[in-house]
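Asks: In the UniProt record's numbering, the protein residues as written are 1 to 261.
For glycine and all other residues, C-beta sits at the position ideal for the given N, C-alpha and C.
Below are the structure tokens for one structure; questions will follow.
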């Protein structure tokens, strides 16, 4: 053997040469033995394992379960116990969250756009997105929940005993507020008894429509009360303001009395 020959170095260089000839990563053929490369090598080996061997088996299992056994709204995903990967994912989510906060603060986008971005990035599920939109008084497509009053699936549930509950000006606000409150109580009782997923979804959507309509009537009642208060104050002011003619007569009487004196 030549002077300074190192068997380990020779094997490592040989495997690197073979890997370069095949156009693959050397660590796929032979693990690195150098000091200081442990972290990077472990990460590469972990990522490579997902594309072959056990990774292929897990991918096939996920696909078969999703297609044959699970409902459309559920997915089977194997969780790799990798703290480094979890930390990286959390860091990416934190950066995206900061970006969303800045965009909302600068009013570059609105609340719905941010939620759509989070849904596309995987930070929100479709069910979570729909629930948040309902809490904001909107349907998943962005339209107002008041549109449900004209939906064939909801119009029977949202019958309030008036021809057009959306005609705020034509209906008495105080009466409608009581009717809406009673209907909402019925829905809450129904949610405690009904277990069917679809029916519960219809009830929750109908409750959102009632909440939006109630806010409209409360706003109308508030404006009406303010108008009545302003009118009442105006009438009282008119009554307390003395008439100009009577003031002139009083001034003349005072002058006459002063002259007689």
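Buried or exposed for residue 249, going by 16 or more other Cβ atoms inside 10 Å?
Replies: Residue placement at residue 249 cannot be trusted, given a pLDDT of 49 that sits under 50; what the coordinates show is reported in the next sentence. Classification of residue 249: exposed, given that the 10 Å Cβ count is below 16.
Asks: With contact counted as at least three CB pairs below 8 Å, one residue from each stretch, are the stretch 164-175 and the stretch 212-231 in contact?
Replies: Yes, they touch.
Asks: Could you pull the DSSP bridge partners for residue 138 from this structure?
Replies: 144, per the DSSP bridge assignment.
Asks: Which residues bound the alpha helix (DSSP H) around residue 266?
Replies: One cannot answer for residue 266 here, as it falls past the ends of the chain, which runs 1 to 261.
Asks: If you drop the 5 nearest sequence neighbours on each side, which residues of the same chain put their C-beta closer than 8 Å to that of residue 270?
Replies: Only positions 1 to 261 of the chain appear in this structure, which leaves residue 270 out of reach.
Asks: Given that a residue counts as buried once 16 or more other Cβ atoms are within 10 Å of its Cβ, and exposed if not, what is residue 149?
Replies: Classification for residue 149: buried.
Asks: Does DSSP put residue 5 in a helix, in a strand, or in coil?
Replies: Coil at residue 5, not helix or strand.
Asks: Can you give me the start and stop residues for the alpha helix (DSSP H) that residue 116 sits inside?
Replies: Run containing residue 116: 111-121, per the alpha helix (DSSP H) assignment.
Asks: Measuring alpha carbon to alpha carbon, tell me which of 105, 104, 121 and 115 ends up nearest residue 90.
Replies: The shortest Cα separation from residue 90 among 105, 104, 121 and 115 belongs to 121.
Asks: Using a Cβ-Cβ cut-off of 6 Å (strictly less than) and excluding sequence neighbours within five positions of residue 133, which residues of its own chain qualify?
Replies: Closer than 6 Å at the Cβ level, and outside the excluded window around residue 133, lie 140.
Asks: Among 23, 192 and 212, whose alpha-carbon lies nearest the alpha-carbon of residue 138?
Replies: Ranking the options by Cα distance to residue 138, first place goes to 212.
Asks: Thinking just about the alpha-carbon of each residue, which of 58, 209 and 229 is nearest to the one in residue 78?
Replies: Of the candidates 58, 209 and 229, the one whose C-alpha sits nearest the C-alpha of residue 78 is 58.
Asks: Given a cut-off of 8 Å, decide if residue 146 and residue 160 are closer than it, judged by their beta-carbon atoms.
Replies: Cβ distance not < 8 Å, so residue 160 and residue 146 don't count as in contact.
Asks: Let me know the secondary structure DSSP gives residue 10 once reduced to three states.
Replies: Three-state DSSP puts residue 10 in a helix.
Asks: Return yes when the Cβ of residue 188 is within less than 8 Å of the Cβ of residue 210, no when it is not.
Replies: In this structure, residue 188 does not lie closer than 8 Å to residue 210 by Cβ.
Asks: With DSSP collapsed to three states, give me the class of residue 131.
Replies: Three-state result, residue 131: helix.
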